[in-house]
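Taking it in order: structure first as C-alpha cells, then the write-up.
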Amino acid sequence: MREPLWRLSAAEQAEAVRRAEVSAVELVDSHLERIAEVNPRVNAVTRLMAERARADAAALDRRRAAGEALGPLAGVPFTVKETTAVAGVPTTFGVERFRDLVAPADAPPVARLRAAGAIPVGHSNMPTLVLAGMHTRSELFGDTLNPWDPARTPGGTSGGDAVAVATGMAALGLGNDSGGSLRVPAHFCGVAALKPTAGRFPADHRVLGPEDPGPASQILVTDGPLARRVGDLRLAYEVLAGADPRDPRAVPVPVRGEALPGPVKVAVVADPGGHGVHPSVRAAVEAAAGALRDAGYDVCEVADVPRLDETVEVYDRITMTEFAPSWPAVRGLLGPEGSRYIEMAMERTPPVDAAGLVRLMGTWLGIRRSWAEFLDAWPLLLGPSFTEPPVEPGLESRDRAGRERVASGLRLCTATSFAGVPGVAVPTGTDADGLPCGVQIVGRAFREDLCLDAARAVEDRLGVLAPVDPRG
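So the number in the numbering used here is just where the residue sits in the sequence shown, counting from 1, plus 33.
This is how it looks when you write it as C-alpha cells:
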C-alpha cells in the first residue's frame, strides 16, 4: 500500500507532481483528508480553503498537461498564520471584531509561495492579536493543542502552523517571529523553522489601512517558514528571499554566500546569560554539538553571548514605548483575559520619554554591532530556542512568576531577533517524557545558508520527529 501523500516531504511532494507521478489535486485531497481527521483533535487550522485549494491544484495540473514548467514547490500545501493576508479570505488576527476583514491581496510571502506552485489550504491559529501571550489561544478560535501532549502548550505565536506541519496537515507553514514566535513552537512541536535576517524576505505587516507600524515592529517582525525537514526550509527560503517593491526593506542579497575557509567555527552556549537551563535542553545542545563535530565543524563552548541581559531589557523598553500609545484601543480588542500578558509587561517595563527612546535606539545599534563582532569570530552559534521542555498552556499569563519564567526561557530568541540575525530551529530527539527537544543555530546576517547547512547536519545525524499523530 502506497504511503499517504501527506507523509512525504515538501520536496518529495513537488517532485512527484512535476513528474506526473501524482496530480496536484490528489496531493491537496490527501492533506484535506488529513485535516478532517486530525484538526478536530488539535484545532490548528482555523479556516479551511478546500474548494479554492482544489481549484488551484486543478489549474496546476492543466499547466503540467500543457507542458509548462512547474515551480520548485509545485502543488505543496501550506498553512498561513492568521496575521498574514491571503486574498479573498479574512485576516482575523484571532479577533472577533476582525472576523470579516477580507484581504484584498496576498501578502508578499504568500504571493511568493504561490508563484512557486505552493497552494494555501488554510489559515492557522495564534494568540489573540499576537499579544495575548505565547500559548496559541485566540478569542475567535480557542486553544490549539500540542500533538505530543495536550497538557503542554504548542508554543506561539506561530503555534497553529507548527501543529499543522507536525501532524501532516500541511507540508509547510508560514508564520512570523519577533522574539521566538517561529522557533519556540518548532521546538515544542518537533519541527524545523527559519527566522530570517531582518530584510531578507519582503513582507507587509500593516494591520488596518495604509499605516505602517513603528520602527520596532518594522525591524523585529520577520516572516518565515516551518517544515518537518530542513531541506524543505531551504526550498521555501530560496523562494521567499529577494527584493520586492511592496517592501522597501527587502534587499537583493544572494541566497548563498561565499564558502568560509577551513572548518566552520561554531560557538556553543547552552545557558545564555547563566540564568539556568533544564537538563534535557542542555542535553539537546550537547547532542547537536556532537553532531556538528561529527560533520566536521569546529565546535567550542564559549562563555556567553554578547550583552544578553542588557539586550532583553532594551528590547522590552523599546517595544513597550512604541506600543504604549495604542494600548487603550488594543486593550478593548483583547479583553480582560487576553490583556493580562501585556499588562504585566507594561507594569514591569513602563515606556520611556522621547529622549530616553533616542538613547535606547543608539544602544540598539551598539548591541547589533556587538553581535556582528561576535559572529565575525564565530560564524555560527548553537544554543537553545527555549531553556525548558514545553510548558503548560498559558503559563506566561497566569502570574508574574510565570511570565518571568517564560521570558527567561526564550531569552536567546529575544536577543537574536533584536540583533537582526537569522536562526534555524531543528529538533534533536525526545526527552525522558517523550516530548520533543531541539536547538537553534544562529548565524551572521544574511548567512541563512550557513545556518541551514548546519541544521541539516544535525538532522542527518539525530533524525526527524514529525509527522506525528495527536496523543491523548
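We put the CB at the ideal spot given by N, CA and C, even for glycine.
Run through the stretch 360-421 for me and flag every whole beta strand (DSSP E) of 3 or more residues, listed as ranges in chain order. 413-416
Let me know if residue 358 comes out buried or exposed under the rule of 16 or more other beta-carbons within 10 Å of its beta-carbon. exposed
Once you ignore the five residues that flank residue 421 on each side, which residues in its own chain have a CB closer than 6 angstroms to its CB? 311, 442
Do the stretch 398-407 and the stretch 334-346 meet, that is, are 3 or more Cβ pairs less than 8 angstroms apart? yes
Among 377, 239, 63, nearest to residue 166 - alpha-carbon criterion: 377
Express the C-alpha separation of residue 291 and residue 168 in angstroms, rounding to a whole number. 39 angstroms
Taking the alpha helix (DSSP H) that residue 78 belongs to, which residues open and close that run? First-last for residue 78: 78-81, but that is the beta strand (DSSP E), not the alpha helix (DSSP H).
Residues bridged to residue 260 (per DSSP): 205, 225
Per DSSP, which one or two residues make a beta bridge with residue 232? DSSP lists no partner for residue 232.
Tell me the DSSP secondary structure of residue 471 in three-state form. strand
Apart from the five residues on each side of it in sequence, which residues of its chain come closer than 7 angstroms, Cβ to Cβ, to residue 456? 216, 228, 449, 473, 474, 475, 484
Beta carbon of residue 507 nearer than 9 angstroms to that of residue 219: Because the chain in this structure spans residues 34 to 505, residue 507 falls outside the shown range and cannot be described.
Pull up the DSSP beta-bridge partners for residue 111, would you. 153, 205
Run through DSSP, which three-state label would residue 463 get? strand
Give me the residue from 342, 196, 214, 300 with the minimum Cα distance to residue 504. 196
DSSP-derived helix/strand/coil call for residue 133: coil
So residue 200 and residue 501 are supposed to be a Cβ contact under 8 angstroms. How far apart are they, rounded? 6 angstroms
From this set, 151, 158, 94, 204, which residue's C-alpha is nearest residue 42's C-alpha? 204
Taking its Cβ as the centre, do 16 or more other Cβ atoms sit within 10 Å of residue 492, making it buried, or is it exposed? buried
Could you check which residue in 89, 101, 163, 158 has the C-alpha nearest to that of residue 152? 89
Scan the stretch 278-351 and note each continuous beta strand (DSSP E) run of 3 residues or more that stays entirely inside, going in chain order. 298-301, 331-334
Would you list the one or two residues that DSSP bridges to residue 123? 135
Inter-residue spacing [alpha-carbon to alpha-carbon] between residue 313 and residue 99: 53 angstroms
Report the three-state DSSP secondary structure of residue 192 (helix, strand or coil). helix
Using DSSP with H/G/I as helix, E/B as strand and the rest coil, what is residue 170? strand
So if DSSP puts residue 456 in a beta bridge, which residue, or which two residues, is it bridged to? 228, 475
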